[in-house]
Structures are given as structure tokens and as C-alpha cells.
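Input: a single structure, listed below in C-alpha cells.
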Amino acid sequence: MGTARVLIDRIPQPDLVSWNALVSGYSFNGCDHEALAVFKHMVLSGLKPNLSTLASVIPICTRLGCLDIGRCFHGFAIKSGYLVNDFLVPALISMYASDVHLSAAKTLFDLLQEKDVAVWNSMIAAYMQKQLPFEAFNIFQEMHYAGVQSDSVTFVSIISSCEFVGSISFGESFHACVIKHGSENHISVLAALVSMYAKLGDISKAEFLFERMPNRNLLSWNVMVSGYVHNGLWDASLAAFCEMQLCGFIPDVVSITSVLSACSKLEAILLGKSAHAFSIRMGINSSLIVSNALLTFYSDCNDLASSFNLFFKMDNRDSVSWNTLISRCVHSVEVDKAVELLHLLQKEGLALDLVTLISILPMYRDSENLGQGMTLHGYAIKNGFSSDISLANALITMYCKCGDLDTGRLLFEVMPRRSVVSWNALIGGYRVNNLQNEVLTSFKRMINEGWRPNSVTLLNLLPLCCGQLQGKSIHAFAIRAGISQETPLLTSLVFMYARFAKVNTCHFLFEMSKKTDISLWNAILSVHIQTKNAEKAVALFCDLLRMGLQPDNVTVLSLISAYAQLNSLKLADSVMAYVVRKGFDKDMAISNALIDVNARCGNISAARKMFESLLEKDAVSWSVMINAYGMHGEGKAALELFWQMQFSGMRPDKITYSSILSACSHAGLVEQGWIVFNSMIEQGISPEMEHYACIVDLLGRTGHLREAFAIVKKLKCKPSISLLESLLGACKIHDDVELGEKISGMIFEMDPENSGSYVMLSSMYASAGRWRDANRVRSSIEERRLRKVPGYSSVFFSEH
1 MGTARVLIDR IPQPDLVSWN ALVSGYSFNG CDHEALAVFK HMVLSGLKPN LSTLASVIPI
61 CTRLGCLDIG RCFHGFAIKS GYLVNDFLVP ALISMYASDV HLSAAKTLFD LLQEKDVAVW
121 NSMIAAYMQK QLPFEAFNIF QEMHYAGVQS DSVTFVSIIS SCEFVGSISF GESFHACVIK
181 HGSENHISVL AALVSMYAKL GDISKAEFLF ERMPNRNLLS WNVMVSGYVH NGLWDASLAA
241 FCEMQLCGFI PDVVSITSVL SACSKLEAIL LGKSAHAFSI RMGINSSLIV SNALLTFYSD
301 CNDLASSFNL FFKMDNRDSV SWNTLISRCV HSVEVDKAVE LLHLLQKEGL ALDLVTLISI
361 LPMYRDSENL GQGMTLHGYA IKNGFSSDIS LANALITMYC KCGDLDTGRL LFEVMPRRSV
421 VSWNALIGGY RVNNLQNEVL TSFKRMINEG WRPNSVTLLN LLPLCCGQLQ GKSIHAFAIR
481 AGISQETPLL TSLVFMYARF AKVNTCHFLF EMSKKTDISL WNAILSVHIQ TKNAEKAVAL
541 FCDLLRMGLQ PDNVTVLSLI SAYAQLNSLK LADSVMAYVV RKGFDKDMAI SNALIDVNAR
601 CGNISAARKM FESLLEKDAV SWSVMINAYG MHGEGKAALE LFWQMQFSGM RPDKITYSSI
661 LSACSHAGLV EQGWIVFNSM IEQGISPEME HYACIVDLLG RTGHLREAFA IVKKLKCKPS
721 ISLLESLLGA CKIHDDVELG EKISGMIFEM DPENSGSYVM LSSMYASAGR WRDANRVRSS
781 IEERRLRKVP GYSSVFFSEH
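Reading the sequence shown from the start, the letters are residues 1 to 800 in full-length UniProt numbering.
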């Protein structure tokens, strides 16, 4: 085009043919703004545009969305007598099709007395552009009745409309029309049919047509690869991609985008990187479509480092690029990175669009984030996004999670249109805030207003079932609605029945499922662990391995829990070997669980060895090891580790303080316990009941009963029963009957049916020789018909 422009500029007085050639050239090469500039220069030079000029500039107006300029050209065409030309009318119809309403395009179409196939095709394409398939069908019928012969362009447009209708019978009817008109061997029509069958879920028919194509081209291969991707046949799509290259076709932007989508779903990071390398080698990596597809691939594979690296190397970025990366950061709970991207986006002068707002809002889920969420809400109102139903749903969820239920409910009530997602957002918000009555009331109202709950609605209801009958009713509804086999719902049903000790029902649901999703295996493993049936859990783990399923972190954590219950050295060695071989030992949560289970099984040295081998330690790692020493009565070792933790720069949390206070209690380290307790307050951490329980237990064990009771009296809330029982036990050990009476009175006031406290008080009276009082307490037990819970012992055997 540069050379062409130089040639034109060298002509002393270019004529209309020369200018038209230049305008057409710019238009053909996608240089729309340059084409309009040349057109303006041509008009200023005194030349009058002709039919050829208008045929070039009207499509430019369509692409740039310059409808006002396009109308001017339309008026000029009428004035110049060009409107009757068959070539110009389709271009004008296509231009008006970009408008919100198709009335102008339809009026122009209806005014024509005679219409050729290009005009009919332009009107069908206009309706398809607006995703109005039935209107396109009507035009196709009128075309057929008018006796106009359809061509390949007609069939490509009308066949694609079947995808929007979702009816395979429509597609088969048009396929019959194709055969009847003799277009069944036209490559573009066949590609459209393959695409249509694939997108409607009939991949076998798509394969049948594809295999019988006389001359395949790159388009047909791309259609087949994307068809496999659309139907979730990731491996088949990769195989077709490889076969395409063996047949001599070089993949293009569409091919790479499809194969990257398959790699994302398979989480095949190596294959995706190979596709990335291929795109660089072929020089198509600079395409914005390919760059965005690569960004999505790395994000879906949780490779945020590669995502950021690619993002900052991209020459051009659009809203899809920004939204992809921001959404992944939010999904991966990388809040700081998401905020950094948001600031960078605004710094570059770009506006937050609807998708950006919807992507960011899930980041705000605590009360301290409410102000930021409200700021985004204000931005949405200012920019006219607030009426969007998806954004409104995201805002309801945000307000509810941040604790502002009133605003969330108000937003829901004022919505002009609602969807099932809107109801789920409100019901989910109530569930997050443990408002069971509001959940059930909203669900009842949803049903009464004619809405059909989906699996997400039921997932919000199942955890709140307070009786087995409620759970069974929800299960029955799911069966009637045909959604009972959806994996998330099935998993939730298993947990629901487990709460009511219906293990057989849980196992029945599991056996009736397809058993292809690891989350369902994790659910049934968890049920057997909770019911102390560790041997069954281990057997199920072996079954899933035999089926070829890949365990995830949750599966391995369940296996570790089973090993802790069985206390088998042979199983311990097997578990450790499996964890190391599969690389799960690099997972922090699994390493922490192994440290804990080794300590609980008595192998404190192995626990410490694992702790020391950790490349990185989080607060849980330190807490678990401190707790391990506490369980073994090694209070000094626990304290040494606690100070070491703080020296390393790791700040203790509430769980850590609970562990170290418990260790001090078991070892009787009063002074050190007080120092730790006071340091917690100095660090700005408010003690909770478990911390008070530890310090009271420590003081009680060491005979400082009055100090312990003083702490109990100063509590801002009611002490827990377990705390009072611990102090009562200390009173019994140290023969402080007077204080024991006071504490017993507090327990009886809170839990009149607590038989253990009656028995302990009676025993204290008997030890002090106050037999009358002891008999009085025992009489109270008989009068109240309280039953002493019998003691039992658990004996664990280790394999040697």
C-alpha cells in the first residue's frame, strides 16, 4: 500500500479510477481510517464518487460503526440513481444490520422489486448477526417461494443459525436442502454442516461428514478440531490437530486457539507450551487472539508467573487480556496482584468494563472490603452498568459476603429482571451468614413465584438441613429435576446423609454414580474416615488407583487420616512412599498433616525431621510442631520452637497461641504460660475461649486455683462448660471444696443435666469427709434420673 500511495502521489492529476483503486486497496487491507482519509481528499479535489467508490466506502462505515456517514452515502446513492444496483444494496443492508434494530435494513430489503441471491443472503446474514435465527429461517423460506436459487453463501449462513436454535432437526432439514440443491460437495457448506452437528452435540455425524469430504482444506480441519473441543473430547482434538499437520496443513490462528483450549482443559502444560513455541515459530504469536488464548491457557493451568510474563510482553492488549488475568488472580486469591493490575489498567487510561467489574467483585468477601465494593458499585451506576443482571447478581453476593445483608436484599428487591442466579445469590448470602430461616423463606418464595431451582440452589439448602426428612425431600426434588447425578450435588448429598449417620445411603449414592470425578471419591473417603472405618477408606483408595483416577491433595489428606486411625507402620511406610513418589510432599498442607500424624502416633523424632526438611514453613507448620511437643509433655521444647518461630519473622496466629498455651499447661510451666498469654494481647490478638481455657487449665493443674477462678469471673462472655469442668477437676485434685461448690453451681446453672459434674462434686465431698453433702448430691442424681456416662478405653496395636 505504501508503494501504491507513492505511485498515486506522483500522478499530476489522478482520475477517479486511480482514487477508487487506492480506496479499494486500503479497504481490502483493513486500513479503514486511511481509506476514509483518501476518500475525503478525493472529494476535496473536485471528483464525484461513483458506484465503485460507494461499494468500497460503505463496508468501511459498517466495520467502523459510522452509521451516520453511511446514511449520507445512502442518500448520495439515491440522488445519483445508484440504489437500483444489485451490488450496492447488499452492502447497505449489511451496514444497517449493525444498528440496534434491523428496521432500516428490512425496509430497504422490502422496497426492492427484484432481489438477487446476494440481496437475500445479506438479509439472512443481518438476522444472523443479531442472533435472530427464526427471522433468518423466514427470509430463507420467502427466498425459496420467490424461486431464487440458494448458493453456498446462503447455506453457510442459514446452517449456522441452527446452532442458536439448538435443534438438530432444523439442521437435518437444511442438510436435506443442501443435498437437494446439489451443494453437498461444496467445501464451505460441508464445513458449516460439520460445525453445526458438532456444536449441537452429534459428534458422530460431524465425523461422518468430515471423513467423506472430497477435498479437505484448513477450514474443515479447524472446524473438526474445534468441534472436538466443544464436545469436551480434548484428546481427540489434539489427535486431529496432529493429523492435520501430517496431511500437510499448517495451523493458523484458529487452529492454535482451539488446541490451546484443549490443553487448558487437560491442564497439559507441556503441550500448551509446545503450541506457544509453534505460534512463535510461525509468527502468529503477535495476533491478539492467540495472545489472549495463551493467556487463558496459562491462567487455567494456574501458572500465574507465565501469565504475567506473557501479559507484559504483549504488544497490544484489549479488555479480554486484562479481564482474563484479573479474573485468574481473584480466583487464585492473589488479591494484591489483582489490585495491582486494576491500578495499572486505570493508570494506562483504560476504563473498567462490565466484565472487569464482575471479575473483581468476588475479591471483596469480608466486612473490611465493603467500602471498596461500594466504590465499584458507584462506578457501575455512573457508567450505566448497574442495570446489567449479571453485575447485579455479583453485587448482591458481594454485599452479603461483606455482611451488609440489608443492601444485598434491597438490590435484589429493586431488580427489574431476575434470574435463578439472582435467587441463588440471595439464598447463598443468607447461608454464608448462617440465617437458616431466611434461606428457607427465600426458597419457598422462589418456588411460589414460579422459579425452578437448579443444582446451585439445592447446594445452598443441603448444609442447612436440620433433619433427615428435609434432606430426603431435596434429594427427591433433584431426582425429579434430573440433576441428582451432577457431581457437586451428589457430593453434597453424600455429606448430608453422613451427618445423619446414613453411611449405607452414602455408599449407595457413590456406587450409583459414574465414579469419574475425584471429588466424589474424596467425599466417600471422608465419610469412612469420620465413621472410623479407616480400612474401608484405604480399600477405596486402592480402587480409585486401579480405575486410573489421579488423586488430588484432598484424597491424600484423607489417606493420611486413615493411616492415623489404623496406626499401622506398614501403611505409614506405603503412604510416605506414595506421597514422595507423586510429589505431594511439596504441598504444604500435606506436609503439615504428616508432621501432625507422626506426632500423634508417637513418632516425635520423625515429625521433627519432616518439619526441619520443609523448604518453606507457614504458621500451621510451626503450630503443628509446637502442638506435637505439647502432646508429648515437652513444654520447654515447644517454647523454644515458639521463640524460634518469632525470630524467623513468622508471626504467631490464634492457633499457634492455643498450641503453645496447651503445651505450657501440659508441662506445668506457669510463668512461661503467663508470658505467652500476655504477649498475645500485646500483639493485638484478642484471646478467645480456647486460650482462656488453656491458661485456666495451666493454673488449675499447678494449684493456682484462685487466680484461675479470677480469670473466669472477669470473662466478658459466659465460660464454656469444658473450661469450668477443667477447673472443677483441678479443685478435686487439690481438695478445694469451697471453690468446687461455686464452680459446680455455675455448671448446674448452665447445664442442669450434666451428670459428670454431680459425680465429681459428690466425690469431692466424700474425700473431705462430708458424707451428708455427698449423699445429698447422689440423691439429686437419682431424683433427676441422670445417668453417668460409662468410661471406656481404646487400645491401639502397632504392626511390628
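Think of the CB as a built atom: it goes at the ideal place given N, C-alpha and C, for glycine as much as any other residue.
Computed from a predicted structure; not experimentally measured.
Hey, out of the options, whose CA is closest to residue i's CA?
i	options	result
K502	L489, K313 and L469	L469
E340	N50, I360, L354 and V355	I360
E707	K718, L304, I695 and M446	I695
C61	L47, N50, V43 and F39	F39
K718	N433, E688 and F208	E688
I396	G384, R600 and M374	M374
F385	G429, A539 and L352	L352
S779	V670, L462 and Y758	Y758
E782	M764, Y765 and E753	E753
So, is the C-beta of residue i closer than 7 Å to a C-beta in chain C?
i	result
F164	Here there is only one protein chain, and chain C is not present.
On the CB-based measure, 16 or more other CB atoms within 10 Å of its CB, does residue i come out buried or exposed?
i	result
K115	buried
A262	buried
F28	exposed
N215	exposed
W771	exposed
D366	exposed
H33	exposed
N222	buried
A577	exposed
F541	buried
N522	buried
F797	Reliability fails at F797, whose pLDDT of 37 lies under 50, so the model's placement of it is uncertain and the value that follows must be treated cautiously. Exposed is the call here.
R328	buried
Y26	buried
If residue i sits next to residue j, beta carbons under 8 Å apart, how far is it from one beta carbon to the other, in whole angstroms?
i	j	result
I124	I159	About 11 Å separates the two Cβ atoms, so there is no contact after all.
L705	H666	L705 to H666, Cβ: 18 Å. No contact.
I743	C731	6 Å
L520	T487	6 Å
S722	A693	7 Å
D653	A619	5 Å
M625	L641	6 Å
A126	A105	5 Å
Do you know offhand how far residue i's Cα is from residue j's?
i	j	result
K472	S492	12 Å
G70	T154	25 Å
S307	R417	37 Å
L190	L102	29 Å
N592	N553	12 Å
W451	V420	7 Å
D404	V259	44 Å
H800	I595	Since pLDDT at H800 reaches only 33, below the 50 mark, its modelled position is unreliable, and no value is offered.
Q644	G668	21 Å
M512	R499	20 Å
A97	P90	10 Å
S195	G227	6 Å
R431	P551	30 Å
E334	W322	15 Å
P453	I483	10 Å
G408	Y399	5 Å
D336	I381	25 Å
L410	N434	19 Å
N217	D68	40 Å
W423	G371	24 Å
N316	L288	7 Å
V225	V320	23 Å
V456	T356	24 Å
I168	K347	49 Å
E163	G81	40 Å
4-residue-minimum alpha helix (DSSP H) runs that sit fully inside the UniProt repeat "PPR" (517-551), ordered along the chain: Those alpha helix (DSSP H) runs which fall completely within the UniProt repeat "PPR" (517-551) and span 4+ residues are 518-530 and 534-546.
List in chain order: all unbroken alpha helix (DSSP H) runs of 4+ residues lying wholly within the segment 333-391. 335-347, 354-360 and 370-382
Whole alpha helix (DSSP H) runs in the segment 14-59 with 4 or more residues, listed along the chain? 16-28 and 32-44
Identify every run of the beta strand (DSSP E) within the UniProt repeat "PPR" (388-422), keeping only runs that are complete inside it and at least 3 residues long; order them along the chain. none
Which ranges does the alpha helix (DSSP H) cover as unbroken runs of at least 4 residues, wholly within the segment 209-262, from first to last along the chain? 218-230 and 234-246
Write down every uninterrupted run of the alpha helix (DSSP H) in the segment 748-777 whose length is 4 residues or greater and which is fully enclosed by it, in chain order. 755-767
Counting only runs that start and end within the segment 150-187, where is the beta strand (DSSP E) found for 3 or more residues in a row? none
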